[in-house]
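Enquirer: Take the sequence shown: its position 35, counted from the start at 1, is 592 in our numbering, and no numbers get skipped.
C-beta atoms are modelled at their ideal positions from N, C-alpha and C, and glycine is treated no differently.
The structure is given below, and queries will be raised subsequently.
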Amino acid sequence: MGVDYTRLHDPNAEYTMRELSAETMGVTRERGGGRDVEITDIQTTMVDGNFPWTLVRIYTDAGIVGTGEAYWGAGAPELIERMAPFLRGENPLDIDRLTEHLVQKMSGEGSIGGVTVTAISGIEVALHDLAGKILEVPAYQLLGGKYRDEVRVYCDCHTEDEADPISCADEAERVVEELGYDALKFDLDVPSGHEKDRANRHLRKPEIEHKASIVEAITERVGSRADVAFDCHWTFSGGSAKRLAKRLEEYDVWWLEDPVPPENHDVQREVTQSTTTPITVGENVYRKHGQRRLLEEQAVDIIAPDMPKVGGMRETRKIADLADLYYVPVAMHNVASPVATMASAHVGAAISNSLAVEYHSYELEWWSDLVEEDVIEDGYIEIPETPGLGVTLDLDTVEEHMVEGEELFDEM
Ligand SMILES: O=C(O)[C@H](O)[C@@H](O)[C@H](O)[C@H](O)CO
Numbered sequence: 558m559g560v561d562y563t564r565l566h567d568p569n570a571e572y573t574m575r576e577l578s579a580e581t582m583g584v585t586r587e588r589g590g591g592r593d594v595e596i597t598d599i600q601t602t603m604v605d606g607n608f609p610w611t612l613v614r615i616y617t618d619a620g621i622v623g624t625g626e627a628y629w630g631a632g633a634p635e636l637i638e639r640m641a642p643f644l645r646g647e648n649p650l651d652i653d654r655l656t657e658h659l660v661q662k663m664s665g666e667g668s669i670g671g672v673t674v675t676a677i678s679g680i681e682v683a684l685h686d687l688a689g690k691i692l693e694v695p696a697y698q699l700l701g702g703k704y705r706d707e708v709r710v711y712c713d714c715h716t717e718d719e720a721d722p723i724s725c726a727d728e729a730e731r732v733v734e735e736l737g738y739d740a741l742k743f744d745l746d747v748p749s750g751h752e753k754d755r756a757n758r759h760l761r762k763p764e765i766e767h768k769a770s771i772v773e774a775i776t777e778r779v780g781s782r783a784d785v786a787f788d789c790h791w792t793f794s795g796g797s798a799k800r801l802a803k804r805l806e807e808y809d810v811w812w813l814e815d816p817v818p819p820e821n822h823d824v825q826r827e828v829t830q831s832t833t834t835p836i837t838v839g840e841n842v843y844r845k846h847g848q849r850r851l852l853e854e855q856a857v858d859i860i861a862p863d864m865p866k867v868g869g870m871r872e873t874r875k876i877a878d879l880a881d882l883y884y885v886p887v888a889m890h891n892v893a894s895p896v897a898t899m900a901s902a903h904v905g906a907a908i909s910n911s912l913a914v915e916y917h918s919y920e921l922e923w924w925s926d927l928v929e930e931d932v933i934e935d936g937y938i939e940i941p942e943t944p945g946l947g948v949t950l951d952l953d954t955v956e957e958h959m960v961e962g963e964e965l966f967d968e969m
């Protein structure tokens, strides 16, 4: 028998003055029309995909179940279990209040960032699925309606030899020709063989030239058929990032992502403003508060929130609205299963400034088997018109690929 996380003591959560439960707020009026629904239970199952995805299910007394997903990694299942008592008995239609309720309740445990926000995000996505099913509308409708029927997807690509420009260009061509994508991303923080020290963030001239040769090989090969972005995973110093971005200005780079570490927005702003190469940042900052300075100080050209990590679907919508004040497009970072990928696509449909949603699992042949519906086709996600997210978990596939020691959700 493991720890019962619902019983962890937290004086902050118990005595907090700002209390947003239905009971304290006096949200008790009958709504009618099948909308008087109560949450009865929340469960998670972790699936061993190319990342360990946390799938979330919220059960109700109406027999309707909502499915969501939190960004991958350890800790989210425990935190979701921890938060379940704050949700039981609540009406799942109050998505905004319930999310704010959890943020407030978990503030002592750290709800401004990290896995607490990720866990809340997974619940928030499941609430959208649930609310859509209760109201019999697709989730995008809850976010304000549609700008587009289909959302563009970009494919994160890998090769056997990521440091070899020809191998990268061959793979880019294969993904465009055989898999039908017209938008790609490759890693640029690959060792070139010219490094003297892998820790100090400094790029030597031959390293920059090696990166330029990868960018040149790929963009020359597929540039007329696809947009290509390049990811640096928070690796370089401000000075090195500036030199790299300047060197890449002559190529048709869709964007250069995370060239510097995510914490210091002053450095980020300087890098972005020093170059015409578009700079994208965002997957490592949490909630709208985390993204605010990046936008207000024009430290990004494109913002890349990860929906099931940053706070969920409404939070991503709010970030997109903030971005739009600065005319900044949104390219949603995404390494999720089909559940959160589809949820991100609903957000992409509902915001004006959607550029694309990432797909990070093209090497995992059972990714699409996890749900009954088709999700990505020819590099696009068509937004379903069925209630909620419009994806149905294939529980046999979930069971087959569960992380060892995990239990499958209850059917109903
Ligand atoms: O932009 C991306 O696709 C990401 O940076 C991934 O490459 C990371 O590996 C992942 O997000 C780590 O969790």
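Under 7 Å from any heavy atom of ligand 1, does the C-beta of residue 892 make it?
Expert: Checking every heavy atom of ligand 1 against the Cβ of residue 892, one is found closer than 7 Å.
Enquirer: Mapping the DSSP letters down to three states, classify residue 703 as helix, strand or coil.
Expert: The answer is coil: DSSP assigns residue 703 none of H, G, I, E or B.
Enquirer: Please state the DSSP three-state secondary structure of residue 678.
Expert: Three-state result, residue 678: helix.
Enquirer: Mapping DSSP to helix, strand and coil, what is residue 709?
Expert: Strand, per DSSP.
Enquirer: Taking 8 Å as the CB-CB cut-off, is residue 715 touching chain D?
Expert: Within the model displayed, chain D is absent; a lone protein chain is all it includes.
Enquirer: How is residue 940 classed by DSSP in three states: helix, strand or coil?
Expert: Residue 940 falls in the coil class under three-state DSSP.
Enquirer: Starting from residue 853 and walking both ways along the alpha helix (DSSP H), at which residues does that stretch end?
Expert: Residues 844-853.
Enquirer: Under the three-state reduction of DSSP, which class applies to residue 642: helix, strand or coil?
Expert: Residue 642: helix per DSSP, three-state reduction.
Enquirer: Under 8 Å between the Cβ atoms of residue 628 and residue 863?
Expert: Their beta carbons are under 8 Å apart, which means residue 628 touches residue 863 by this criterion.
Enquirer: What are the complete beta strand (DSSP E) segments, minimum 3 residues, inside the segment 722-776?
Expert: Counting whole runs of 3 or more residues, the segment 722-776 contains the beta strand (DSSP E) stretches 740-744.
Enquirer: If I measure Cβ to Cβ from residue 671 and keep anything under 8 Å in the same chain, skipping five residues before and after, which residues do I get?
Expert: Around residue 671: 843.
Enquirer: Say the cut is 7 Å; is the CB of residue 788 nearer than that to a heavy atom of ligand 1?
Expert: Residue 788 Cβ: within cutoff of ligand 1.
Enquirer: Can you check which of these residues, 573, 584, 624, 639, is closest to residue 504 by C-alpha distance?
Expert: Residue 504 lies beyond the stretch modelled for the chain, which goes from 558 to 969, so this question has no answer here.
Enquirer: When you compare the CB positions of residue 667 and residue 675, do they come within less than 8 Å of one another, or not?
Expert: No, Cβ-Cβ distance for residue 667 and residue 675 is not below 8 Å.
Enquirer: Report yes if the CB atom of residue 680 is closer than 8 Å to the CB atom of residue 613, and no otherwise.
Expert: Their beta carbons are under 8 Å apart, which means residue 680 touches residue 613 by this criterion.
Enquirer: If you measure from the CB of residue 915, is any heavy atom of ligand 1 nearer than 7 Å?
Expert: It does: the Cβ of residue 915 is within 7 Å (strictly closer) of some heavy atom of ligand 1.
Enquirer: Can you check the segment 827-898 for any alpha helix (DSSP H) of at least 4 residues that lies completely inside it and give the ranges in chain order?
Expert: Taking only runs of at least 4 residues, the alpha helix (DSSP H) segments lying wholly in the segment 827-898 are 844-853, 864-867, 870-882.
Enquirer: Considering only DSSP beta bridges, list what residue 625 is partnered with.
Expert: Answer is 613, bridged to residue 625.
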